[in-house]
Structures are given as C-alpha cells and as structure tokens.
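>
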Amino acid sequence: DLELLVLAEDQAAFAFETIAARSPEGGVRNRALAAATRHRVTSEAWARLAGLTEPGLDPRAVSYALGGSADTEESRAVLGADVEQALVVSYAALVALAEPGSRAELAELHTLATESARRWGLGPTAFPGLD
Numbered sequence: 060d061l062e063l064l065v066l067a068e069d070q071a072a073f074a075f076e077t078i079a080a081r082s083p084e085g086g087v088r089n090r091a092l093a094a095a096t097r098h099r100v101t102s103e104a105w106a107r108l109a110g111l112t113e114p115g116l117d118p119r120a121v122s123y124a125l126g127g128s129a130d131t132e133e134s135r136a137v138l139g140a141d142v143e144q145a146l147v148v149s150y151a152a153l154v155a156l157a158e159p160g161s162r163a164e165l166a167e168l169h170t171l172a173t174e175s176a177r178r179w180g181l182g183p184t185a186f187p188g189l190d
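Per this note's numbering, residue 60 is the first one in the sequence shown, and the count goes up by one each step.
(1) To the nearest angstrom, report how far apart A124 and A104 are at their CA atoms.
(2) Between the alpha carbons of G180 and A140, how many angstroms are there, rounded?
(3) Hey, L153 and L171 are a contact pair by Cβ (cut 8 angstroms); roughly how many whole angstroms apart?
(4) To the nearest angstrom, report how far apart S149 and E62 are at their CA atoms.
(5) Indicate whether T135 and S82 have their beta-carbon atoms separated by less than 8 angstroms.
(6) Note down the Cα distance separating A80 from T96, rounded to an integer number of angstroms.
(7) Applying the 10 Å Cβ sphere with the 16-neighbour rule, what's the burial state of D69?
(8) In this structure, how does DSSP classify V121 when only helix, strand and coil are distinguished?
(9) I'd like to know whether the C-beta atoms of A106 and V65 end up nearer to each other than 8 angstroms.
(10) CA-CA distance, E76 and S175?
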C-alpha cells in the first residue's frame, strides 16, 4: 500500500531529523541530515504518485513516536539502523508484489535502504528484508 510507504518514509525522515538534532556537529549529524532529506523527498514522491498530497488525504504527521531512544551515540545508531531496516522489509515486500515494469525502482530503493542500514550498523544478511 503506497499510503503505508508514504508514512514509513516520512517517519524515517522524522527519526533522522531527531538523530541529527541530538548529535554533535560533524559526521553523524551530517549523515543523519542527508538521510532525513532523502526520506522526505522519497515520501513526497510516493505521496504525489498515490494522489495523497491534497489536504485531508495526506497521511503524514508532524511528529511520530520513535521506536527507540536517541540519547546516546549508540542508541542513535541503533535507531538509524532500525528505521532503515523497516524500509528494507517494506521495499522487499513491494518488489515481490510489483508489476514487472515497476520493480527496478523499488529494487533500487530496497538496495539503498539496505546499504544505509549497514552504514548505521546493521549486520549483513543473506536476503535483506526477507529473513
């Protein structure tokens, strides 16, 4: 469901904005801000594709409950990895359900989320999102 994907990408953007806000200047903060921007752009693109940008239809919220803490460097890394892993699972499911002509973009987003999850510390798996 594209609405769920719009929400998942928007939640990821919020999580990375939170990680950035709680990180000291430099590498982690910059990486989190870049991830937040990427997820906002992706959420907006999916919302437009699904026709969900009109007032009353847009499912996105101002803030979200985070599935973890962002108080320490370690907790921020875990949160970043968990957020990306949730998207890995979502995109893996969509690739399997998509029409053949639309799988390439979904597979690319799946790969991007997998790579990002690894950069945040998630260990590699044989079939990301299908474990």
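Beta carbons are placed, not taken as given, at the ideal position from N, Cα and C, and that holds for glycine.
Straight from the coordinates:
(1) CA-CA distance, A124 to A104, rounds to 23 angstroms.
(2) 6 angstroms
(3) Contact doesn't hold; Cβ gap of about 13 angstroms is too wide.
(4) 12 angstroms
(5) It is Arg, not Thr, that sits at residue 135 in the sequence shown. A contact, by the Cβ cut-off of 8 angstroms.
(6) For A80 and T96, the distance between alpha carbons rounds to 14 angstroms.
(7) Note on D69: 16 or more other CB atoms within 10 angstroms of its CB, so buried under the neighbour-count rule.
(8) DSSP, reduced to helix, strand and coil, places V121 outside both helices and strands of the structure shown, so it counts as coil.
(9) yes
(10) 15 angstroms
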